[in-house]
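Chains as they are written, first to last, in this note's numbering: chain A, 1 to 324; chain B, 325 to 601.
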């Protein structure tokens, strides 16, 4: 297992290099140099800012040297200073907003796994039943619905009309005066809509995948064998079939991580959640390039880590992988 | 299209419904100048935010413009973005996938590593970052959505090419002296088109969703050009007083995307089982 883990970690190195190269290319996409745009957009920007930007991007040096020194700074988590008025280091701005984004994404992931697997298994085991048909409709609608629109509708329903759930931020105004337990309830109430909505697309996709994976497995000979030797249907389905059907699903889970992280821009903006996605949106609107670059790199690294976790879980679940 | 059982497709009610939605949308966007009741840009300040009525079936927006007319014209934007973005993704995907699958070895390794790297980026982050550096024009949006959405098609085509290139008909073509480009495009590619067609249909659905989300956030199609996404932005700003601004454009997106998804899945189900994965 350790050998497998080391192999995966080494495999990540070229990916990391590739990620930084693509980010670097994106950074140089802008017509003209980054300093031109920044100074054009901002009438207050004088020669001093332009000079600082030039030295930060080292635009006077050849491209490969610019790249190398950018990566060197990145390696020690120096992502530069934000262009916004607060002039704070980019890395501080991102790190203080990262926990809430990661919390929401992990909760969504738990919801996706917890709901999609039972839905997929039940629809496969009872193929063409009423449940299977209803879940097929749910899957198609869930996959096709613009989630930001559904967010608007749910805000009108639960926030404005029924008044059950708060529709912005992560804490109520009187949060400081609440006892710890009620504070937790308050946080949960704020997180319900964002978590459910960001899970929806992945949930629909994974249920469908789980269903087809399960359908494939229960047609296999070893399932017939398990039935033939007189095991109960429960044991056959949940012990023999489920474990095998879950394997390909783990890979799909890993692949759904970028979508989940990308969605945080939309939901954090709609629900005014002070996370990394909202920071990204504000930085894009303000053309705060150092922050945009920083979040782009961190988003990709988070995806990479998520995929590593998926790979390791796969290896834990399937002995064939770690031996070979 | 080789490998598609049309009989099976036409007996699949869901797929047929999806196909009808897609065709209807084409007709609506084609006939937009003749069927939209008002000029989509016509401002009427005496009719600001008026609810649905017989004059304005879907109500009016914050400038008194007719929402139905704006939605009809907005369907053109959705179709344009959906098709151009997917077209770009398919061209990139076919070329890279065919080259990787056909030549194999280091060419394959290099291209597939590149795919792995691109898949590490949350696509929405990459799109937003690029648009922040460029201008949020409709052409830039189509290019960026296409340029960040080709990886799945590359993988599909590569897998098809790996299994097809060893077949007898490819050997036969090679024996009579056909060159690589001819074998790739004339002999192998037509046999892989069915799965590309499925991926393309689902890709249009995804591109339409992405465009609407970008326009909703104000980074996509810019007003006054009407798009379903930017009508929803006005809906969000007037969420407590004008529900019609939020409801109808969103429904239009849902029905359109659902149509393309049902059509794509329907075609996949009618694929020859030997080609289906």
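Note that CB positions come from ideal geometry on N, CA and C, so glycine has one too. Remember, it's a predicted structure, so these values are computed and weren't measured experimentally.
For residue 81 (chain A), the beta-bridge partners assigned by DSSP are A:89. Residue 384 (chain B) has B:390 as its beta-bridge partners, per DSSP. Contact of residue 269 (chain A) with chain B by beta-carbon distance below 8 Å involves 541. Short of 6 Å from the beta carbon of residue 576 (chain B), and not among the five residues preceding or following it, lie these beta carbons of its own chain, in chain order: 395 and 552.
Annotation for residue 240 (chain A): 222, 223, 226 and 231 place their beta carbon closer than 8 Å to its own, counting only its chain and skipping 5 residues before and after. For residue 258 (chain A), a Cβ of chain B is located within less than 8 Å of the residue's own Cβ.
Between residue 111 (chain A) and residue 276 (chain A), the C-beta gap is not smaller than 8 Å, which leaves the two residues out of contact. Cβ proximity to chain B below 9 Å picks out 136, 140, 141, 143, 144, 145 and 146 from the stretch 133 to 146 of chain A.
Residues of the stretch 509 to 535 of chain B with a Cβ closer than 7 Å to any Cβ of chain A, in chain order: 529 and 533.
When the beta-carbon positions are compared, residue 452 (chain B) and residue 26 (chain A) stay at least 8 Å from each other.
Separation of the CB atoms of residue 480 (chain B) and residue 439 (chain B) is rounded to 11 Å, and the pair is thereby denied contact status at 8 Å. Note that the stretch 470 to 478 of chain B touches the stretch 436 to 450 of chain B; at least 3 beta-carbon pairs, one per stretch, sit closer than 8 Å. Under the criterion of beta carbons closer than 8 Å, residue 391 (chain B) and residue 568 (chain B) qualify as touching, at roughly 7 Å. Closest in alpha carbon position to residue 118 (chain A), among A:85, A:191 and A:208, is A:208. When Cβ-Cβ separations below 8 Å define contact, residue 303 (chain A) makes contact with chain B. Not a single C-beta of chain A is nearer than 8 Å to the C-beta of residue 394 (chain B). By the rule that beta-carbons nearer than 8 Å mark a contact, residue 315 (chain A) does not touch chain B. Note that the stretch 369 to 383 of chain B does not touch the stretch 506 to 525 of chain B; fewer than 3 beta-carbon pairs, one per stretch, sit closer than 8 Å. In the assembly as shown, residue 584 (chain B) is a buried residue. Its beta-carbon has 16 or more other beta-carbons within 10 Å.
Following the DSSP letters along the chain, one finds residue 137 (chain A) inside the alpha helix (DSSP H) bounded by residues 130 to 144. Between residue 302 (chain A) and residue 250 (chain A) a beta carbon distance of about 18 Å is seen, past the 8 Å cut, so the two are scored as non-contacting. Within a 10 Å sphere around the beta-carbon of residue 229 (chain A) sit fewer than 16 other beta-carbons, which makes this residue exposed.
For residue 247 (chain A), the uninterrupted alpha helix (DSSP H) segment begins and ends at 242 to 255.
For residue 194 (chain A), the enclosing alpha helix (DSSP H) begins and ends at 180 to 218. Its Cα nearest to that of residue 9 (chain A), the residue A:305 stands out among A:305, A:318 and A:319. Taking 8 Å as the cut-off, the beta carbon of residue 591 (chain B) is found closer than this to the beta carbon of residue 339 (chain B). If you look at residue 74 (chain A), you'll find it in the alpha helix (DSSP H) that goes 63 to 75. Taking 9 Å as the Cβ-Cβ cut-off, the stretch 567 to 589 of chain B approaches chain A at 567, 570, 571, 573, 574, 575, 577, 578, 579, 580, 581, 582, 583, 584, 585, 586 and 589, given in chain order. Counting only the Cα atoms, residue 186 (chain A) lies some 38 Å from residue 19 (chain A). By the Cβ-count criterion, residue 75 (chain A) is exposed, with fewer than 16 other Cβ atoms from all chains shown falling within 10 Å of its own Cβ. When Cβ-Cβ separations below 8 Å define contact, residue 547 (chain B) makes no contact with chain A. Membership of residue 438 (chain B) in the alpha helix (DSSP H) is indicated by the continuous run 429 to 444. In the assembly as shown, residue 335 (chain B) is an exposed residue. Its beta-carbon has fewer than 16 other beta-carbons within 10 Å. With 16 or more neighbouring CB atoms inside 10 Å of its own CB, residue 116 (chain A) falls in the buried class. Using a Cβ-Cβ cut-off of 8 Å, residue 284 (chain A) counts as an interface residue toward chain B, since at least one Cβ of chain B sits closer than that to its own. With respect to chain A, the C-beta atom of residue 437 (chain B) has a partner C-beta closer than 8 Å.
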